[in-house]
Amino acid sequence: MPTHIATAPPVAHAALLGLGVYRPCRVVPNSEIVDKIDSSDEWIRTRSGIEARHWADADETIVSMSTAAARDALAAAGLEAGQVDAVILATSSQMVLGPSAGAIVATELGMHDTAAFDVSAGCAGFCYALANAANLIRSGQARHVLVIGVERLSDLLDEHDRTCAFIFADGAGAVVVGASDNEGVGPVAWGSDGSQTAAIKQDKDFQQYFAEVAEAEATGGTTVRPYIRMNGTAVFRWAVTFLEKACRDALDKAGVAADQLDAFVPHQANSRITDALIRTLGIPDSVAVARDIAHTGNTSAASIPMAMEQLLRSGAAKPGDTALLLGFGAGLAYAGQVVNLPAIA
Ligand code: UT7
71 MPTHIATAPP VAHAALLGLG VYRPCRVVPN SEIVDKIDSS DEWIRTRSGI
121 EARHWADADE TIVSMSTAAA RDALAAAGLE AGQVDAVILA TSSQMVLGPS
171 AGAIVATELG MHDTAAFDVS AGCAGFCYAL ANAANLIRSG QARHVLVIGV
221 ERLSDLLDEH DRTCAFIFAD GAGAVVVGAS DNEGVGPVAW GSDGSQTAAI
271 KQDKDFQQYF AEVAEAEATG GTTVRPYIRM NGTAVFRWAV TFLEKACRDA
321 LDKAGVAADQ LDAFVPHQAN SRITDALIRT LGIPDSVAVA RDIAHTGNTS
371 AASIPMAMEQ LLRSGAAKPG DTALLLGFGA GLAYAGQVVN LPAIA
């Protein structure tokens, strides 16, 4: 007989208890971007829905933005940092390989000896992290988990790139997940397709870049640093064809019909993708739809908590409302789940 290994006592249900965000101070309107990409305010508004975005200043780092959002999430949940047992931070724009940003954020928040790690799942990162957090709660492994989505994508932008320069932006959003009397986080519908990595990626890895730098130094030539690149049409096509199934899977797993939703919070990639999903899913006009992209741009792993906050702050949705979340992007990876919306500070 193998030695018996005990398990933590599970709890029945997990829910989002509190939400906070950080929006960088600097607002960048389309007019500041258009000349370098031979574009116009009108083209960007009509093709993407973006009117302006926030780009972080030097002191608005991955860690500082995350810490600010997390403080508000804890306040909204009425919890102290010491009551959190794990921090899961989703990002694709932390510019160091280690340590994890999550560990530094945990310490900045005053946590001691708290489990902390980062998740890399592109724009699906927040929903991936949320699924893991809810499972940590339900398995009894953590009392509360802090989930953070955060990006400084402006660091990765080639300002002359017509596809990326106007889309991507910076910010942070955080939720506290904890035990609940009723289920507040439905089963996740998720997946990835590594055959489509070229659709959104860093255009060269650091080994390639260092080799180019060495050659440039030897020959007196020049090299260009790595940037994020996207085949916008390929991603757009995948989003408006494949993601209907992802949404239906998430709804089916939660036993919720589209017309029972109060809110729809898709990743803020492009307002035309949101419109297409609303049409194909038959989401009725009564459902509040997140349109945070207009003034926030596409903040990748941060976009869903930031868009939830905008819906709640505006009064279009309220805490406890039933919402479908859907993250999607680089990977190509996606994750969606039905949740009850949390409180905001
Ligand atoms: O967050 C991760 C997931 N990301 C996404 O989901 C993004 C998905 N993709 C998109 O949002 C869209 O593909 C973009 C907004 C990036 C581009 O919109 P599009 O409608 O797919 O544009 P397109 O690349 O098909 O180009 C249409 C036209 C072309 O001109 P012609 O050939 O029709 O004369 C382009 O040259 O628009 C032109 N164009 C631009 N014009 C002004 C392309 N980029 C620009 C630009 N400004 N920035």
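Mapping of the sequence shown onto our numbering: residues 71 to 415, in sequence order. By construction, the Cβ of each residue, glycine as well, lies at the ideal position given by its N, Cα and C atoms. Treat the numbers as computed from the prediction; the structure is a model and nothing was measured.
Query, Result
"Own chain residues within Cβ distance below 7 Å of Ala-151, not counting five before or after", "Leu-144, Leu-179, Gly-180, Met-181"
"Cβ pair count under 8 Å reaching 3, the region 272–280 against the region 300–318", "no"
"Contact under 8 Å by Cβ, Gly-243 with Ala-372", "yes"
"6 Å CB neighbourhood of Gly-390 in its chain, flanking five on each side removed", "Asn-410"
"Residues near Gly-192 in its chain [Cβ-Cβ closer than 6 Å; skip 5 each side]", "Ser-162, Gly-399, Ala-400, Gly-401, Ala-403"
"Residues that DSSP places opposite Gln-407 in a beta bridge", "Leu-395"
"Distance between beta carbons of Gly-256 and Ile-374, contact taken as under 8 Å", "Actually they are not in contact, since the Cβ atoms of Ile-374 and Gly-256 sit about 15 Å apart, beyond 8 Å."
"Those residues which DSSP pairs with Val-91 across a bridge", "Gly-243"
"Ala-82, DSSP secondary structure in three states", "coil"
"Three-state class that DSSP yields for Asn-301 in the structure shown", "coil"
"Validate contact between the region 123–142 and the region 361–370 using beta carbons, cut 8 Å, 3 pairs", "yes"
"Endpoints, the alpha helix (DSSP H) within which Trp-113 is located", "111–118"
"Same chain, Cβ closer than 6 Å to Met-71, five either side skipped, listed in chain order", "none"
"Bounding residues of the beta strand (DSSP E) (the contiguous stretch that carries Ala-333)", "333–336"
"Residues near Gln-153 by beta carbon distance below 8 Å, same chain, minus five either side", "Arg-213, His-214"
"Beta-carbon contacts of Asp-225 that lie in its chain and below 7 Å, excluding the five residues immediately before and after", "Ser-163, Met-165"
"Status (buried if at least 16 other CB within 10 Å, exposed otherwise) for Arg-349", "exposed"
"For Lys-271, the residue or residues it bridges with in DSSP", "Arg-299"
"Beta-carbon proximity list for Pro-99, same chain, < 8 Å, skipping 5 on both sides", "Asp-111, Glu-121, Ala-122"
"Simplified DSSP assignment, three categories, for Phe-236", "coil"
"Buried/exposed call for Ala-360, threshold 16 Cβ in 10 Å", "buried"
"Cβ pair Ala-249, His-83 closer than 8 Å", "yes"
"Buried versus exposed call for Cys-197 [16 or more other C-beta atoms within 10 Å across all chains shown]", "buried"
"Through-space distance from Thr-116 to Ser-101, alpha-carbon basis", "14 Å"
"Residues near Thr-392 in its chain [Cβ-Cβ closer than 7 Å; skip 5 each side]", "Val-326, Gln-330, Leu-331, Asp-332, Val-408, Asn-410"
"Proximity of Leu-216 and Asp-188 at Cβ, strictly below 8 Å", "no"
"beta-carbon Phe-236 near ligand 1 non-hydrogen atom, thresh 7 Å", "yes"
"Whole-number beta carbon distance between Gly-88 and Ala-146, since they are thought to touch under 8 Å", "3 Å"
"Residue span of the alpha helix (DSSP H) that contains Glu-379, given as start and end", "373–384"
"Limits of the alpha helix (DSSP H) - the one that Ser-341 falls within", "341–351"
"Within 8 Å, strictly: CB atoms of Asp-228 and Ala-239", "no"
"Inter-residue spacing [alpha-carbon to alpha-carbon] between Ala-176 and Ala-156", "9 Å"
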